[in-house]
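Numbering (the numbering used here), first residue to last: 8 to 364.
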């Protein structure tokens, strides 16, 4: 049971006990037109200028049990309580104060048995928070690394956030349409792809309610700033952050409190604005003097490897390639450095030159 006041009056004065409070830490969703899904471009066109940023009212809910000695007492208390919540009022919870109004109805269920001396009912009240102001966020980290989850160069652990699971960042994207009709033309053939949603299953940890509230408000402020957010996952070889925004906000799924700690669980959906292009690294084989090793017909020899292989210098696939030409794949054994196809006097190949396409 939690202490809740309405217009500075303890709600228990009406015979109501609040069993659970939801929504006090949720981030509201965007309101109005916040993106356009053009058929002739990849991804989406996100509206993130300051003049585009409007947010819906947050929903706060109270799971309640109301008790009275008689039906008449119950009806009397309920009548007074309805008069209060049908107008604007101040809701005071253990977490914060909220300016609210009740916009949705609530179904009442009788839960008292024939053995109970009193009359008991249960219901869930849902209120709209009429105003919510975003505060300020943290300053970016000066020396951020790519081995942590970060947004706009701020390590998420500074908000007390632990990312327990992530998905969606490598998903195949859906094709939008194979044709786009244009004015005075029948149609153009296109092959544009939609954007991805990156989903993070998160827990926010703190030592007290006040610390948790501060961390959450700073995180809301970060996500609500104008412009796109840059998001990085701690994946080996990932060089560029994802450009994302958060149009749907998020809801706290669970709040776990103990004497010395508090934890809140939520799913954060980051909408990728444009699918990140695939990056290929071409490693040109050099001889001991740093001179490119060429085939007999003058083609460069490239190594195709992922970033882990580059770090470990563990080359596993050689490719003979030339710009604008087909790429022919060979195994390591098929490209012996002593092969006559090599135009090099050196027998030892161990230097790499990296270029990005």
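The beta carbon of each residue, even a glycine, is placed where N, CA and C say it ideally should be.
- The straight-line gap separating the alpha-carbon atoms of residue 304 and residue 233 is approximately 54 Å.
- Residues 159 and 248 of the same chain have their beta carbon placed closer than 6 Å to that of residue 237, with the five preceding and five following residues left out of the count.
- Approximately 5 Å separates the beta-carbon atoms of residue 53 and residue 42; this is inside 8 Å, confirming the contact.
- Ranking 11, 253, 21 and 281 by CA distance to the CA of residue 128 puts 21 first.
- Sequence-distant partners of residue 227 (beyond 5 residues in either direction) whose C-beta falls short of 8 Å from its own C-beta, in its chain, are 34, 141 and 142.
- Leaving aside the five residues that flank residue 75 on each side, the residues in its chain whose CB is nearer than 7 Å to its CB run, in chain order, 22, 81, 84, 125 and 126.
- DSSP, reduced to helix, strand and coil, places residue 270 within a strand of the structure shown.
- Shown here for residue 130: same chain residues with a beta carbon closer than 6 Å to its own, the five before and five after excluded, namely 71, 113 and 115 in chain order.
- Taking the Cβ atoms as the reference, residue 104 lies roughly 11 Å from residue 138, outside the contact range of under 8 Å.
- Between the C-alpha atoms of residue 56 and residue 64 there is a straight-line separation of about 20 Å.
- The straight-line gap separating the alpha-carbon atoms of residue 68 and residue 152 is approximately 40 Å.
- Under DSSP, residue 45 shares a beta bridge with no residue.
- For the segment 177-257, the full-length alpha helix (DSSP H) segments reaching 4 residues or more read 216-230 along the chain.
- With a cutoff of 9 Å on beta-carbon distance, residue 173 and residue 259 are scored as not near each other.
- Assignment of residue 79 by DSSP, reduced to helix, strand and coil, places it in the helix class.
- Contact between residue 203 and residue 254 is absent: CB atoms are separated by about 14 Å, not below the 8 Å threshold.
- Counted as a single uninterrupted DSSP element, the stretch harbouring residue 14 is not any beta strand (DSSP E), since DSSP gives it neither H nor E.
- About 7 Å separates the beta carbon of residue 271 from that of residue 261, a gap short enough to meet the 8 Å contact definition.
- For residue 304, the three-state secondary structure derived from DSSP is coil.
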